[in-house]
Amino acid sequence: MSAALLERLRGRLIVSCQAYPGEPLRDPDAMRRMALAVIEGGAAGIRAQGLDDLSAIRAVTALPLIGLWKDGAEGVYITPTAGHAVAVAATGADIVALDATDRPRPDGRPLAESIDAVHAAGRLVMADVATAAEGVRAAGLGADLVGTTLAGYTGTRPRTEGPDLGLVAELAGLLDVPVIAEGRVHTPEQARAALAAGAFAVVVGTAITHPTTLTRWFGEAVGTTAGGAAH
3 MSAALLERLR
13 GRLIVSCQAY
23 PGEPLRDPDA
33 MRRMALAVIE
43 GGAAGIRAQG
53 LDDLSAIRAV
63 TALPLIGLWK
73 DGAEGVYITP
83 TAGHAVAVAA
93 TGADIVALDA
103 TDRPRPDGRP
113 LAESIDAVHA
123 AGRLVMADVA
133 TAAEGVRAAG
143 LGADLVGTTL
153 AGYTGTRPRT
163 EGPDLGLVAE
173 LAGLLDVPVI
183 AEGRVHTPEQ
193 ARAALAAGAF
203 AVVVGTAITH
213 PTTLTRWFGE
223 AVGTTAGGAA
233 H
């Protein structure tokens with residue numbers, strides 16, 4: 003089953019449907035509708051966060067669903083403990099994404115405990131990493147996929163303007179498990195470049211599902227300031 007699930011994602015686009023706390027779209031039904039919209043556009047899979055969002059999305063699609071739980075805002079906060087991971091698995095997410103960097107986990111427990119807990123729940127693990135060494139370690143501990151999600155965000159590697167294609171290529175050359183390109187993929191050309199660099203699949207979030215950022219990009223390009231009149 004796991005091999006068949008992953009084959010559905012090979013060479014395809016996964017769309018991240020997430021909104022930050024306090025934003026107008028920070029609502030499970032809004033993310034459910036966002037997921038339906040990107041599915042209509044051809045997304046092969048969905049990545050989402052939060053137990054309520056995941057449950058709402060799972061109820062309307064059988065596409066591969068990558069789930070996570072952001073708890074906190076600093077350090078390790080993407081599905082930071084085994085308890086978080088098991089709760090994500092219980093929503094019906096097919097793949098549980100978690101922080102697999104070398105940083106200390108908030109409960110002091112080892113990464114392997116979270117990976118084992120997800121597997122015990124019958125789900126796959128996506129290890130979000132920032133470096134090649136972290137990806138190799140996570141795969142060695144049993145992670146089923148490795149993503150470049152945290153490249154440039156932990157102080158261990160310079161942040162590239164677009165996706166870290168160098169890390170994608172390095173991981174693809176080192177690992178037998180699928181490498182998922184994620185992070186700062188802002189254009190179709192960058193998505194294609196990630197696949198060419200060796201990515202198994204590509205996750206795009208902000209450039210598709212975050213209208214606040216998209217509006218800011220366009221506003222900066224044309225010199226628009228906040229507070230303009232509605233038309």
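Residues in the sequence shown are numbered from 3 upward in steps of one, following the numbering used here.
Idealized CB from N, CA, C, for every residue including glycine.
Check                                                                                                              : Outcome
Those residues which DSSP pairs with Met-1 across a bridge                                                         : As displayed, the chain neither begins before 3 nor continues past 233, which places residue 1 out of reach and without an answer.
N-terminal and C-terminal residue of the alpha helix (DSSP H) that Ile-59 is part of                               : 53 to 60
Same chain, Cβ closer than 6 Å to His-188, five either side skipped, listed in chain order                         : Ala-209
Touching by the beta-carbon criterion (3+ pairs, under 8 Å), the region 143 to 157 and the region 94 to 105        : yes
One or two residues paired with Arg-67 in a DSSP bridge                                                            : Looking at the sequence shown, residue 67 is not Arg but Leu. In DSSP, Leu-67 forms a bridge with Ile-48.
Assumed close pair Pro-165, Gln-192 - CB separation to whole angstroms, cut-off 8 Å                                : 6 Å
Cβ pair count under 8 Å reaching 3, the region 215 to 222 against the region 29 to 37                              : no
Among Glu-115, Gly-47, Gly-144, Leu-176, the one whose alpha carbon lies nearest that of Thr-133                   : Leu-176
Ser-18 - partner residues in DSSP beta bridges                                                                     : Arg-49
Contact check, Gly-45 vs Cys-19, beta carbons under 7 Å                                                            : Before going further, note that residue 45 is Ala rather than Gly in the sequence given. Going by C-beta atoms, Ala-45 is not nearer than 7 Å to Cys-19.
Exposure label - Glu-172; buried when at least 16 CB within 10 Å                                                   : buried
Exposure of Asp-54, with buried meaning 16 or more beta-carbon neighbours within 10 Å                              : exposed
Spatial neighbours of Arg-186 in its chain, beta-carbon cut-off 6 Å, leaving aside the 5 residues before and after : Gly-164, Pro-165
Residue environment, Val-17, which counts as buried when at least 16 other CB atoms sit within 10 Å                : buried
Three-state class that DSSP yields for Pro-190 in the structure shown                                              : helix
Three-state class that DSSP yields for Ala-183 in the structure shown                                              : strand
DSSP-derived helix/strand/coil call for Ala-203                                                                    : strand
Close Cβ partners of Ala-231 (< 7 Å) along its chain, the five nearest in sequence each way excluded               : Summary for Ala-231: the model assigns pLDDT 44, below 50, so the residue's position carries little reliability, and this model does not support an answer.
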